[in-house]
DNA sequence: ATGAAAGCGCTAACAC
DNA sequence: GTGTTAGCGCTTTCAT
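Protein chains in written order, with the numbering used here: chain C, 3 to 324; chain B, 3 to 324.
Printed below as a string of structure tokens:
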């Protein structure tokens, strides 16, 4: 920048002011500085800028995965709001490992971000400590079943499970099964299952069958799991899946085997993915406002409201599979 | 850090060396410094570190969208390699706007990243200038049809279109239609279409019909487009879609309307998405090595090979829809 | 409206 | 093996 100042024949601080369009400067100097910067191909150094001033335009975002469209949707919502406000996202992916999350938090914090967004409420004790002591706004997303550190934006997964169970029960299904993916790592899916079981119990029911794969969720896993489950428990009349990816797999299995949906078997998912909504029979599922959660989280991150919980609820989609 | 040094009773540089486990230090001092850092809850400041030394651990990655799983897959591949090497990704999303890309490049460059990865070869003149002059490794991903700036990792979209056309022709289809999405913005989809048309022409054929939506690709758009196209051109016997999202939509339309696939109508997609491969009839498509392209790009970004083009080819999936 | 000078928190010589 | 001393490229008082 001193080169620019010299080329423009002004002092460094003047150049700095002009380049940041801050403070006052005469139209002439402004032109000289801007011209010099363009001529020299000057690219500012935000490292130095941020170090000298305070607060960066970096926002750390930590998600467990990018393989499931849910998290890209979240990033998309957040990115749109942050980008428009001149902020950039630094992404970290934990792979559903709490320890990995802890390392990411440390690493991102060392960049002195203006704020941090993280999926979920479950963290290691040290992660919570680091986040609470960071002195920046922390937003936890996608879950409201538990204690937040600062700002929380999401919905109750437990309630989502409950609502799904009540829906199936109201439709008259009684021999209800569950098909899920690695619940040890995906705590939110585990909470949905808990809520689901609780609502079944309230109606005097219990799970007729269950198949939980060890892998992450996928269409293929859902398809295979339903095949396995029906072989062992042919009397099941409805299946609740841990999410739409799994449920779509189940639906494909039914189509392939000629299993009538929902008369012979009802299917219920979670997320309201595009692909599930446009299937020949739209999947019955809960639509989650993923993009909106990302956007709202970003907005609250940049605002300075007091800490609190914002609920953006899911919506029951009465599809054709239940 | 000076606090840590004082607390440990050593000099600043000693503390720095210990904290970065670089250079030599006696076990005792090391322990003193580490203890002091832990006691004080010291969080390093990478801004200062990077400014004082050289090269950050930040890598800029620019993609056009996060709505299509293709790009999260790319980020996933890159993120895994970068994360393991201690690098962090700063993500920018252009929304398929060249001007937005230019701003992002400028903005990311101001963070002095160690390297930059960007999807595609088409950029504004100024973007190319900025990238070429940045003095860091630039990797362009997903396309090899054109001039790269530095390192290029991908495949030929033109060739992908060609291969798809030849496949349909070899199978005996002659009244072939195309269904696509906004080609003005998605240049790679446009190149596939070009290659497709070229191969048709080589066989003395031309497009029997075409429907190009103005929106981005989606299952719903594909479904509606096929509906529209068949209403106008009922004699079509095969459709090439701009990607799998669109093709799955088309497939769903056929299932819903009882259109026999592939006897009455053949369908061909692009990408080899999970959901397409597990459909009752696996979609005929080209599987693209998206995660591998991301990973390879990251690897080459960190290596210092000479500039060049690395081809990771697509693979023809002979599904049940053609 | 503009310039000079003092750091921001760290790393990198360089001495010891 | 360890401490001292300059900066890295900016922003920010504080004068002028």
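Just so you know, even glycine gets a beta-carbon here, dropped at the ideal spot from N, CA and C.
In this structure, residue 117(B) places its C-beta atom within 7 Å of the C-beta atom of residue 139(B). Per DSSP, the unbroken alpha helix (DSSP H) holding residue 251(C) starts and ends at 246–259. Contact of residue 282(C) with chain B is assigned, a C-beta pair being separated by under 7 Å. Your pair residue 268(B) and residue 170(B) checks out as a contact, with CB atoms roughly 7 Å apart and the cut at 8 Å. Shortest Cα-Cα distance from residue 286(C) to any of 17(C), 20(C), 298(C) and 263(C) involves 263(C). Inter-residue distance for residue 19(C) and residue 47(C) is about 14 Å (C-alpha atoms, whole angstroms).
Here the alpha carbon of residue 215(C) sits roughly 9 Å from the alpha carbon of residue 224(C). Taken in chain order, the whole alpha helix (DSSP H) runs of length 4 or more contained in the segment 184–211 of chain C are 189–204.
For the pair of segments examined, the segment 97–113 of chain B was found not to touch the segment 276–292 of chain B: the number of CB pairs separated by less than 8 Å stays below three.
Counting only residues of its own chain and dropping the five nearest sequence neighbours on each side, residue 32(B) has a CB closer than 6 Å to the CB of 20. Taking 8 Å as the upper bound on Cβ-Cβ separation, chain C lies near residues 220, 221, 222 and 225 of the segment 203–229 of chain B. Taking CB atoms only, residue 89(B) has no neighbour in chain C less than 7 Å away. In summary, the residues of the segment 31–62 of chain C whose CB is separated from some CB of chain B by less than 7 Å are 43, 45, 46, 47, 48, 49, 50, 52 and 53, in the order they occur in the chain. Residue state for residue 59(C) is assigned as coil, using DSSP reduced to three classes.
For residue 299(C), the secondary structure class from DSSP, reduced to helix, strand or coil, is helix.
In this structure, residue 155(B) and residue 295(B) form a Cβ contact; the two beta carbons are roughly 5 Å apart against a cut-off of 8 Å.
Taking a C-beta cut-off of 7 Å against chain C, the contacting residues of the segment 135–150 of chain B are 135, listed in chain order. Distance from the CA atom of residue 95(B) to the CA atom of residue 68(B), rounded to whole angstroms, is 7 Å.
At a Cβ-Cβ threshold of 7 Å, residue 58(C) and residue 114(C) count as neighbours. Counting C-beta atoms within 10 angstroms of its own C-beta, residue 15(B) has fewer than 16 neighbours from the protein chains shown and is therefore classed as exposed. For the set 228(C), 89(C), 248(C) and 292(C), the Cα lying nearest the Cα of residue 261(C) is the one of 228(C).
In the structure shown, residue 70(B) falls within a coil segment according to DSSP collapsed to helix, strand and coil.
Going by beta carbons, residue 182(B) and residue 244(B) fall inside the 7 Å limit. For residue 123(C), no alpha helix (DSSP H) segment is defined, and its DSSP state is neither H nor E.
For the pair residue 321(B) and residue 284(B), the CB atoms are nearer than the 7 Å cut-off. Only those residues of the segment 245–276 of chain C whose C-beta falls short of 7 Å from the nearest C-beta of chain B are listed: 250, 251, 254, 257, 258 and 276. For residue 89(B), same chain residues with a beta-carbon under 6 Å away, outside a window of 5 residues either side, are 59 and 61 in chain order.
Cβ-Cβ distances below 6 Å link residue 319(C) to 274, 287 and 289 in the same chain, with the five nearest sequence neighbours on each side left out; the list follows chain order. For residue 16(C), the uninterrupted alpha helix (DSSP H) run begins and ends at 14–21, by DSSP. Around residue 168(C), the same chain offers 201 as residues with beta carbons nearer than 6 Å, after the five sequence neighbours per side are excluded.
Neighbours of residue 83(B) in chain C, taken as residues at a C-beta separation under 9 Å, are lacking, since the least C-beta distance is about 12 Å. The Cβ-Cβ distance between residue 238(B) and residue 301(B) does not fall below 7 Å.
Non-local beta-carbon contacts of residue 80(B) in its own chain, meaning distances under 7 Å to residues more than five positions away in sequence, involve 63, 91, 119, 296, 297, 299 and 300 in chain order.
Following the DSSP letters along the chain, one finds residue 227(C) inside the alpha helix (DSSP H) bounded by residues 221–234.
As a beta-bridge residue in DSSP terms, residue 140(C) pairs with 118(C).
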